Amino acid sequence: MRELAYVNGVVTAPEDAMIRIDDRGLQFGDGVYEVIRSYAGRLWAPERHFTRLHRSLAELRLDGIDIAHIAAAARDLLAESRIPDALLYIQVTRGVKPRDYAVETQGPPTLVITARPITALNPERRLRGVRVIVRPDPRWARVDIKSLNLLGNMMAKHEAAEAGAFEAVLVKDGLVTEGASTSLFIVTDGVVITREQGPHILSGVTRALVIECAEVLGMCVEERPYAPAELMAADEAFLTGTTFGVYGIAAVDARRFPAPGAITSSLDALYHQWVKEERDAPR
Ligand code: PDD
92 MRELAYVNGV VTAPEDAMIR IDDRGLQFGD GVYEVIRSYA GRLWAPERHF TRLHRSLAEL
152 RLDGIDIAHI AAAARDLLAE SRIPDALLYI QVTRGVKPRD YAVETQGPPT LVITARPITA
212 LNPERRLRGV RVIVRPDPRW ARVDIKSLNL LGNMMAKHEA AEAGAFEAVL VKDGLVTEGA
272 STSLFIVTDG VVITREQGPH ILSGVTRALV IECAEVLGMC VEERPYAPAE LMAADEAFLT
332 GTTFGVYGIA AVDARRFPAP GAITSSLDAL YHQWVKEERD APR
């Protein structure tokens, strides 16, 4: 088992991987990415991640790279790393060109992939829930594209960390959007509520799977806008994301929640059952 990096076909240890200084990813953040995890050497929800990557590439009109090629390179790197529970980071940039805002011609994109062991989940967080703070959403207007432009996310997350919280819940135009690097759900009177898909949220893969879990469990799901006051008045709240699955929220600023709440717990249980079934399925 070893950490590996892939840059346009060259596989090395991550510390030996090189990209050119004129790469547009470095100069402009002109690129997109995906984070996929594996359980027991098997990618979790790969089709959904590759579909989203395909969409991000298309939205930025970043062409010249085939999604099947990216998927094959990612699978090969994971196999070569022999890391059972891995975090696969995939990044595609518009490649190397002298710094120029306009994109008249496009050379070959740069494909970077790393395979690393996933850092152990914090069982306390799953058991007792996490604290979050509420902050203005400072991001650009197309956060549905999983682009490399993560300054707003990073700064909000940093503020959360400084406040001793796990996440910053973001608010734009008087409405809750999502966490800085997570999707957000609230539960009120048994109804599971999350923001509708659109330019203001990243359409999370875990978000979609948890909505399916809720539907299987016969719960009512509403994808719609809601204000911070509705979050504060909710019975339960929870976060979702690829790396951890489902985390109950124990506090939003000074407001405490019963974490994890009953509905959060049943969604978490079904989600992990699905993960386990996929992990243990015969190959
Ligand atoms: N973050 N919202 C934002 C802004 C995110 O960055 C992420 C994922 C999510 C959850 O999406 P998913 O369920 O597909 O992981 C929601 C990744 C993991 C990251 O940037 O590291």
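All residue numbers for the sequence shown refer to my numbering, where the first residue is 92 and numbers rise by one. Note that beta-carbon positions come from the ideal geometry of N, C-alpha and C, so glycine has one too. Note that this is a predicted model, so its numbers are computed, not measured.
task: For Asp-114, collect the residues of the same chain with a Cβ closer than 6 Å to its Cβ; drop the 5 residues on either side in sequence, then sort them by chain order.
output: Translated into positions along the sequence shown, residue 114 becomes position 23. Thr-184, Val-187, Thr-201.
- request: Note the first and the last residue of the continuous alpha helix (DSSP H) segment covering Ala-136.
  value: Along the sequence shown, read from residue 1 onward, the residue named residue 136 stands at position 45. Premise fails: Ala-136 is in no alpha helix (DSSP H) and is neither H nor E.
message: At 3 residues or longer, what runs of the beta strand (DSSP E) sit wholly inside the segment 256-337?
response: 258-263, 266-270, 274-279, 282-285, 311-314, 327-332
message: For the ligand PDD, is there any heavy atom lying closer than 8 Å to the beta carbon of His-140?
response: As a working mapping, residue 140 is identified with position 49 in the sequence shown. True, at least one ligand heavy atom lies under 8 Å from that Cβ.
query: Which residues mark the beginning and the end of the alpha helix (DSSP H) in which Ile-161 is found?
result: Along the sequence shown, read from residue 1 onward, the residue named residue 161 stands at position 70. Note, Ile-161: alpha helix (DSSP H), 158-172.
message: Please determine whether the Cβ atom of Arg-207 lies at a distance below 8 Å from any heavy atom of the ligand PDD.
response: Position 116 of the sequence shown holds residue 207. It does not: the Cβ of Arg-207 is nowhere closer than 8 Å to a heavy atom of the ligand PDD.
message: Looking at the ligand PDD, does it come within less than 8 Å of Ala-166, judged from the CB to the closest heavy atom?
response: Your numbering for residue 166 matches position 75 in the sequence shown. Note that residue 166 is Arg in the sequence shown here, rather than Ala. Checking the Cβ of Arg-166 against the ligand PDD gives no.
message: Looking at the strands, I want to know which residues DSSP matches up with Gln-182.
response: Looking up residue 182 in the sequence shown gives position 91. DSSP output for Gln-182 lists Tyr-124, Val-203 as bridge partner(s).
For Gly-352, the nearest candidate out of Gly-270, Leu-151, Gly-281 (CA to CA): On the sequence shown, position 261 is the one that residue 352 refers to. For Gly-352, the nearest C-alpha among the options comes from Gly-281.
Close beta carbons around Leu-83, own chain, < 6 Å, minus the five adjacent residues each side: No statement about residue 83 is possible, as the shown extent of the chain runs from 92 to 374 and does not include it.
- prompt: Would you say Ala-256 touches the ligand PDD, meaning its beta carbon is less than 8 Å from a heavy atom?
  reply: Stepping through the sequence shown from its first residue, residue 256 is reached at position 165. Not so, every heavy atom of the ligand PDD lies at least 8 Å from the Cβ.
Segment contact, 8 Å Cβ cut-off, at least three pairs: the segment 256-269 with the segment 302-311: no
query: According to DSSP, is Ala-234 helix, strand or coil?
result: Here residue 234 refers to the residue found at position 143 when the sequence shown is read from its first residue. Reading off the sequence, residue 234 comes out as Val, not Ala. Of the three classes helix, strand and coil, the one that applies to Val-234 here is coil, per DSSP.
query: Is any heavy atom in the ligand PDD found nearer than 8 Å to the beta carbon of Arg-298?
result: Within the sequence shown, residue 298 is the residue found at index 207, counting from 1. Because some heavy atom of the ligand PDD lies under 8 Å away, the Cβ of Arg-298 counts as near it: yes.
- request: With DSSP as the reference, please indicate the residues paired to Gly-339 in a beta bridge.
  value: Along the sequence shown, one-based indexing puts residue 339 at 248. In the DSSP output, where bridge partners are listed per residue, Gly-339 has Phe-329.
- prompt: From which residue to which residue does the beta strand (DSSP E) around Arg-222 run?
  reply: For the purposes of this step, residue 222 is taken as the residue at position 131 of the sequence shown. Where Arg-222 is concerned, the enclosing beta strand (DSSP E) stretches over 221-227.
message: Using DSSP's beta-bridge definition, name the partner residues of Ser-129.
response: Position 38 of the sequence shown, counted from the start, is the residue given in the question as residue 129. Partner(s): Leu-134.
task: Starting from Thr-196, follow the alpha helix (DSSP H) in both directions and report where the run begins and ends.
output: By 1-based counting over the sequence shown, the position of residue 196 is 105. Note, Thr-196: premise wrong, no alpha helix (DSSP H); not H, not E.
- request: May I ask you to verify whether the segment 212-224 touches the segment 97-111, counting CB pairs closer than 8 Å and requiring at least 3?
  value: no
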